[in-house]
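**Student:**
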Amino acid sequence: MSKIIASAAIRGAHNLAKEAEEIYNKAVKAKGADCEVSFPNTGYFIPIIYSMTGIAVEKLSDFDEVFVIIKGLLPDFVDDEMWLPYLGPTLDAGMATLFAEEIIEACKYLVGPNPVDDFWLGAADDVIMRERGIQFVDGTAPGFAAIVGAAPDVETAVAIGRKLQERSLYVFMAASDKGTSFAEQLAEGGVQLGWETRLVPFGRGITSAIYALGFASRAALSFGGVQPGDYLRNLLYNKNRVFAFVMALGEVTDEWYATAAGAINYGFPTIADSDIPEILPTGVCTYEHVVSNIPHDKIVEKCIEVRGLKIKVSEIAIPVAYSPAFEGERIRKEDMHCEFGGNRTPAFEWFNTLDSSQVEDGRIEVIGPDVDTVEPGGQLPLGIVVEGTGRKMQSDFEPVLERQVHTLINEAQGVWHMGQRDINWARISKDAFKAGFRIEHFGHILHAMYHEKYSNIIDKVEVKLYTEEEQVVKLRDKVRAVYAERDKRLAGMTDETVDTFYSCTLCQSFAPDHVCVITPERSGLCGAYSWLDGKAAYEITPTGANQPIVKGAVIDGTLGQWEKVNEFISSTTQGKIAQMSAYSMITDPMTSCGCFECISAILPSTGGIMIVNREFTEMTPCGMKFSTLAGTVGGGNQTPGFIGHSRFYIGSKKFISAEGGIQRIVWMPAALKESMREVLIERAKEAGLNGEEFLDKIADETKAISEEEVLEFISGAGHPALEMDEMF
Ligand code: SF4
Ligand code: ZN
Numbered sequence: 029m030s031k032i033i034a035s036a037a038i039r040g041a042h043n044l045a046k047e048a049e050e051i052y053n054k055a056v057k058a059k060g061a062d063c064e065v066s067f068p069n070t071g072y073f074i075p076i077i078y079s080m081t082g083i084a085v086e087k088l089s090d091f092d093e094v095f096v097i098i099k100g101l102l103p104d105f106v107d108d109e110m111w112l113p114y115l116g117p118t119l120d121a122g123m124a125t126l127f128a129e130e131i132i133e134a135c136k137y138l139v140g141p142n143p144v145d146d147f148w149l150g151a152a153d154d155v156i157m158r159e160r161g162i163q164f165v166d167g168t169a170p171g172f173a174a175i176v177g178a179a180p181d182v183e184t185a186v187a188i189g190r191k192l193q194e195r196s197l198y199v200f201m202a203a204s205d206k207g208t209s210f211a212e213q214l215a216e217g218g219v220q221l222g223w224e225t226r227l228v229p230f231g232r233g234i235t236s237a238i239y240a241l242g243f244a245s246r247a248a249l250s251f252g253g254v255q256p257g258d259y260l261r262n263l264l265y266n267k268n269r270v271f272a273f274v275m276a277l278g279e280v281t282d283e284w285y286a287t288a289a290g291a292i293n294y295g296f297p298t299i300a301d302s303d304i305p306e307i308l309p310t311g312v313c314t315y316e317h318v319v320s321n322i323p324h325d326k327i328v329e330k331c332i333e334v335r336g337l338k339i340k341v342s343e344i345a346i347p348v349a350y351s352p353a354f355e356g357e358r359i360r361k362e363d364m365h366c367e368f369g370g371n372r373t374p375a376f377e378w379f380n381t382l383d384s385s386q387v388e389d390g391r392i393e394v395i396g397p398d399v400d401t402v403e404p405g406g407q408l409p410l411g412i413v414v415e416g417t418g419r420k421m422q423s424d425f426e427p428v429l430e431r432q433v434h435t436l437i438n439e440a441q442g443v444w445h446m447g448q449r450d451i452n453w454a455r456i457s458k459d460a461f462k463a464g465f466r467i468e469h470f471g472h473i474l475h476a477m478y479h480e481k482y483s484n485i486i487d488k489v490e491v492k493l494y495t496e497e498e499q500v501v502k503l504r505d506k507v508r509a510v511y512a513e514r515d516k517r518l519a520g521m522t523d524e525t526v527d528t529f530y531s532c533t534l535c536q537s538f539a540p541d542h543v544c545v546i547t548p549e550r551s552g553l554c555g556a557y558s559w560l561d562g563k564a565a566y567e568i569t570p571t572g573a574n575q576p577i578v579k580g581a582v583i584d585g586t587l588g589q590w591e592k593v594n595e596f597i598s599s600t601t602q603g604k605i606a607q608m609s610a611y612s613m614i615t616d617p618m619t620s621c622g623c624f625e626c627i628s629a630i631l632p633s634t635g636g637i638m639i640v641n642r643e644f645t646e647m648t649p650c651g652m653k654f655s656t657l658a659g660t661v662g663g664g665n666q667t668p669g670f671i672g673h674s675r676f677y678i679g680s681k682k683f684i685s686a687e688g689g690i691q692r693i694v695w696m697p698a699a700l701k702e703s704m705r706e707v708l709i710e711r712a713k714e715a716g717l718n719g720e721e722f723l724d725k726i727a728d729e730t731k732a733i734s735e736e737e738v739l740e741f742i743s744g745a746g747h748p749a750l751e752m753d754e755m756f
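Quick note on numbering: the sequence shown equals residues 29 to 756 in the working numbering.
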């Protein structure tokens with residue numbers, strides 16, 4: 029163990045602790061010790077402090093306790109001559125550093141400079157956290173790179189940034205070197221920053237690195253079911269499941285060392301381009317802890333190797349890069365060469381199954397003019413017809429595969445896609461066009477990726493791309509009839525008409541006791557898996573996270589309990605969950621991981637329930653915001669009175685049908701109500717109510733914020749829940 033590193037890290041930790049005290053005193057003086065302090069819209073308080081110590085900081089004076097811990101952790105100064113045989117004191121200094129840095133950043137929200145401005149993003153709220161966290165769960169994001177400092181020049185920064193994006197990693201950026209920062213260099217190089225492109229500028233100071241580590245801590249609490257204060261499990265969780273590392277670019281200051289020491293606690297190693305002392309032997313991290321002197325053209329590979337990441341890069345014959353990290357790229361009108369659909373030109377996409385003899389694998393045909401015939405900023409019609417065949421292919425899988433067109437095309441750099449069916453919309457950027465991207469490349473992408481991802485069900489793929497208006501319109505009419513036919517079939521499918529449900533245990537990698545049971549009338553709680561998706565996924569990967577569950581004998585038809593379903597749940601949760609009801613939020617409700625689109629919670633005095641969706645960040649009548657409520661519901665537990673669920677489930681005939689269904693809804697955010705209007709009216713009519721009137725009886729945030737106000741509102745409105753039996 030290098031004494032030089034130890035002394036630098038310890039010096040840095042002391043400096044930051046002092047800085048924390050100064051800004052804290054300033055904040056107390058300006059705002060008072062009782063002033064509320066928080067990062068915006070999170071249920072995890074000040075997350076590193078909360079997750080490691082269990083202290084839920086709500087007001088400034090709550091930091092007093094944390095300062096005591098920091099003092100306890102801070103080792104005495106060591107001089108460079110002293111030999112330190114263990115990492116221990118360095119690690120302690122690192123943890124003290126992270127606490128101090130969180131105090132600094134939290135106080136900045138009160139007394140400035142505000143961590144958020146036009147460029148820097150500051151703390152991620154819980155909506156982003158869960159939305160992005162799920163990508164770590166399902167593997168679309170293998171991990172994150174925390175970059176501190178700046179590259180020697182803009183080109184190097186762009187090259188490193190692109191390489192990380194191509195490997196689908198998130199890039200969290202903090203600190204600066206020689207007056208600039210990696211994030212600013214990327215921006216100067218014309219690279220789009222933000223959560224969508226996985227390039228996240230947290231802040232200009234080293235202290236903003238805690239937003240990256242706070243993200244990791246919250247992942248452990250939210251997806252891993254780790255209890256606040258259980259620092260050991262939190263750190264182990266991160267070491268084993270969150271593949272992250274620190275890339276230090278430029279002069280490593282004492283404060284950087286101290287922060288790097290904090291990251292080592294999580295098992296996140298530091299890889300530096302400068303000549304700093306290394307910490308090679310293993311101990312906390314999987315391999316080396318600090319590796320230095322790495323040239324810029326090798327640094328990404330080195331980071332991946334040191335952290336022990338496994339990454340698959342798809343090679344497709346297109347002139348632009350391809351990776352999930354490009355999925356969130358936007359292409360503005362000024363930057364686009366050509367667009368298709370989006371109500372500007374006729375367009376559609378269709379996955380069609382044909383007989384094997386009718387499909388020539390790899391054949392890509394462009395029928396009509398190509399993008400080099402249009403002026404920059406121009407438009408073309410586009411009909412995408414994918415013809416697939418395979419021994420295990422079923423027509424049921426067509427909609428599932430067709431929806432993939434969106435993701436697959438979007439992952440190409442400089443290509444943007446939205447919507448599906450005949451409401452699709454795509455753009456090719458000027459840069460992509462210059463690089464040589466043409467219409468046929470849509471076909472190359474689809475051909476390569478359908479083979480790559482769906483080799484189990486698809487044997488041959490051929491793609492036809494139509495760009496001639498008359499032909500596109502004609503084909504679109506034909507395809508619309510196919511869409512209508514599909515919808516009719518899907519609408520007729522109920523839980524009773526199938527004998528098999530599908531499980532999803534994808535989230536078990538983060539929430540070990542959670543299983544989604546997906547039925548035709550209840551989709552996975554993240555909203556991403558319908559019953560058909562589950563069925564297709566099982567055919568594609570028979571040993572994967574989606575397994576068929578033959579229902580078996582009915583135990584209770586009202587609650588939605590079946591013999592084999594219970595057996596399945598019990599065996600996949602090691603007996604922790606013995607039974608589960610598909611249609612009840614009171615008796616043996618389904619567990620929740622953390623990815624739910626909505627939460628339903630009972631409001632006891634009203635006889636009804638409230639539903640809140642993830643996008644609604646204000647206070648709700650149960651006295652908690654979505655983020656706090658999510659902490660109560662999630663983690664793979666059964667919590668009677670509370671369930672996480674998809675939006676789709678609200679409109680299902682089986683929505684808490686054991687408790688009386690949608691007639692129990694007494695409160696929901698106005699925007700959610702509006703977006704579900706049609707289907708809610710339909711359900712209400714089936715229940716013998718006047719649909720429109722019923723909707724008006726449901727309170728929203730403009731009518732009521734507390735449970736008392738909800739009761740008052742629905743009493744005035746004569747809401748049917750008032751007449752129903754008690755829920756418990
Ligand atoms: Fe996770 Fe359930 Fe969605 Fe599967 S369906 S990814 S288990 S939330
Ligand atoms: Zn989940």
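Heads up, the beta-carbon is just placed ideally off N, CA and C, and yes, glycines get one too.
What residues in its chain sit with their C-beta under 8 Å from that of residue 319, if we drop five residues either side in the sequence?
**Tutor:** These residues qualify, in order along the chain: 297, 298, 299, 300, 306, 308, 330 and 334.
**Student:** DSSP state of residue 600, grouped into three classes?
**Tutor:** Note: residue 600 maps to helix in three-state DSSP.
**Student:** Roughly how many whole angstroms lie between the Cα atoms of residue 273 and residue 326?
**Tutor:** Cα to Cα, residue 273 sits roughly 15 Å from residue 326.
**Student:** Taking 7 Å as the cut-off, is the beta-carbon of residue 546 closer than that to any non-hydrogen atom of the ligand SF4?
**Tutor:** It does: the Cβ of residue 546 is within 7 Å (strictly closer) of some heavy atom of the ligand SF4.
**Student:** Just the C-alpha distance for residue 738 and residue 637, rounded to the nearest angstrom, thanks.
**Tutor:** Near 10 Å, if we compare the C-alpha coordinates of residue 637 and residue 738.
**Student:** On the DSSP bridge list, what partners appear for residue 665?
**Tutor:** According to DSSP, residue 665 bridges with 620.
**Student:** From the DSSP output, in three-state form, read off residue 632 for me.
**Tutor:** Of the three classes helix, strand and coil, the one that applies to residue 632 here is helix, per DSSP.
**Student:** Under 7 Å Cβ to Cβ from residue 609, same chain only, skipping five residues before and after it: list those, please.
**Tutor:** Within the same chain, residue 609 has close Cβ partners 587, 588, 589, 615, 616, 617 and 686.
**Student:** Does the contact criterion of 3 or more C-beta pairs under 8 Å hold for the stretch 186–205 versus the stretch 234–242?
**Tutor:** Touching, yes.
**Student:** What is the C-beta distance between residue 755 and residue 630, in whole angstroms, given that I count them as a contact (C-beta under 8 Å)?
**Tutor:** With 8 Å as the limit, residue 755 and residue 630 qualify as a contact, their Cβ atoms being about 6 Å apart.
**Student:** Going straight from the alpha carbon of residue 244 to that of residue 266, what length do you get?
**Tutor:** Taking the straight line from one Cα to the other gives about 7 Å.
**Student:** Please look up how many angstroms separate the CB atoms of residue 185 and residue 214, rounded, as I've assumed it's under 8 Å.
**Tutor:** Yes, they are in contact, since the Cβ atoms of residue 185 and residue 214 sit about 6 Å apart, within 8 Å.
**Student:** Alpha carbon to alpha carbon, what distance is there between residue 349 and residue 458?
**Tutor:** C-alpha separation (whole angstroms): 15 Å.
**Student:** What do you reckon, is the C-beta of residue 557 under 7 Å from a heavy atom of the ligand SF4?
**Tutor:** Yes, the ligand SF4 has a heavy atom inside 7 Å of this Cβ.
**Student:** Relative to the C-alpha of residue 593, which candidate in 60, 577, 164 and 419 has its C-alpha closest?
**Tutor:** For residue 593, the nearest C-alpha among the options comes from 577.
**Student:** Can you check whether the CB of residue 347 is closer than 8 Å to the CB of residue 464?
**Tutor:** Contact flag set, yes.
**Student:** Are the Cβ atoms of residue 302 and residue 336 separated by less than 8 Å?
**Tutor:** No; because the gap between Cβ atoms is not below 8 Å, this pair is not in contact.
**Student:** Hey, residue 251 and residue 539 are a contact pair by Cβ (cut 8 Å); roughly how many whole angstroms apart?
**Tutor:** So it is a contact: roughly 6 Å between Cβ atoms.
**Student:** How is residue 122 classed by DSSP in three states: helix, strand or coil?
**Tutor:** Reduced to three states, the DSSP call for residue 122 is helix.
**Student:** Three or more beta-carbon pairs under 8 Å between the stretch 480–497 and the stretch 412–427, yes or no?
**Tutor:** Yes, the stretch 480–497 touches the stretch 412–427.
**Student:** Who are the Cβ neighbours of residue 75 in its own chain at under 7 Å, not counting the five residues just before and after it?
**Tutor:** So the list reads 242, 245 and 246, once near-sequence residues are dropped.
**Student:** Quick check on the burial criterion: 16 or more other C-beta atoms within 10 angstroms. Buried or exposed for residue 360?
**Tutor:** That one is exposed.
**Student:** Verify the contact flag: residue 626, CB atom, against every heavy atom of the ligand SF4, threshold strictly below 7 Å.
**Tutor:** Incorrect: residue 626 has no Cβ contact closer than 7 Å to the ligand SF4.
**Student:** Please report the straight-line C-alpha distance between residue 255 and residue 68, rounded to a whole angstrom.
**Tutor:** In a straight line, the C-alpha of residue 255 is about 22 Å away from that of residue 68.
**Student:** How big is the Cα-Cα spacing for residue 98 and residue 365?
**Tutor:** For residue 98 and residue 365, the distance between alpha carbons rounds to 55 Å.
**Student:** At a cut of 8 Å, does the stretch 637–648 reach the stretch 596–605 through at least three beta carbon pairs?
**Tutor:** No, they do not touch.
**Student:** Hey, how far is the Cα of residue 29 from the Cα of residue 321?
**Tutor:** Note that residue 29 scores a pLDDT of 43, beneath 50, so its modelled location is shaky and nothing firm can be said.
**Student:** Restricting to Cα atoms, I'd like to know which of 542, 393 and 220 is closest to residue 531.
**Tutor:** It is 542 whose Cα lies nearest to the Cα of residue 531.
**Student:** On the criterion of 16 or more Cβ atoms from any shown chain inside 10 Å, does residue 34 qualify as buried, or is it exposed?
**Tutor:** Answer is buried; the Cβ neighbour count reaches 16.
**Student:** How should residue 382 be labelled, buried or exposed, when 16 other C-beta atoms within 10 angstroms of its C-beta is the threshold for buried?
**Tutor:** Exposed, by the Cβ-count rule.
**Student:** Evaluate contact between the stretch 517–527 and the stretch 142–160, counting only Cβ atoms and requiring at least three cross-stretch pairs below 8 Å.
**Tutor:** Judged by Cβ distances under 8 Å, the stretch 517–527 makes no contact with the stretch 142–160, as fewer than three pairs qualify.
**Student:** Is the distance from the Cβ of residue 389 to the Cβ of residue 492 below 8 Å?
**Tutor:** Cβ distance not < 8 Å, so residue 389 and residue 492 don't count as in contact.
**Student:** Is there at least one non-hydrogen atom of the ligand SF4 closer than 7 Å to the beta-carbon of residue 534?
**Tutor:** Because some heavy atom of the ligand SF4 lies under 7 Å away, the Cβ of residue 534 counts as near it: yes.
**Student:** May I ask you to verify whether the stretch 365–379 touches the stretch 389–407, counting CB pairs closer than 8 Å and requiring at least 3?
**Tutor:** The stretch 365–379 is in contact with the stretch 389–407.
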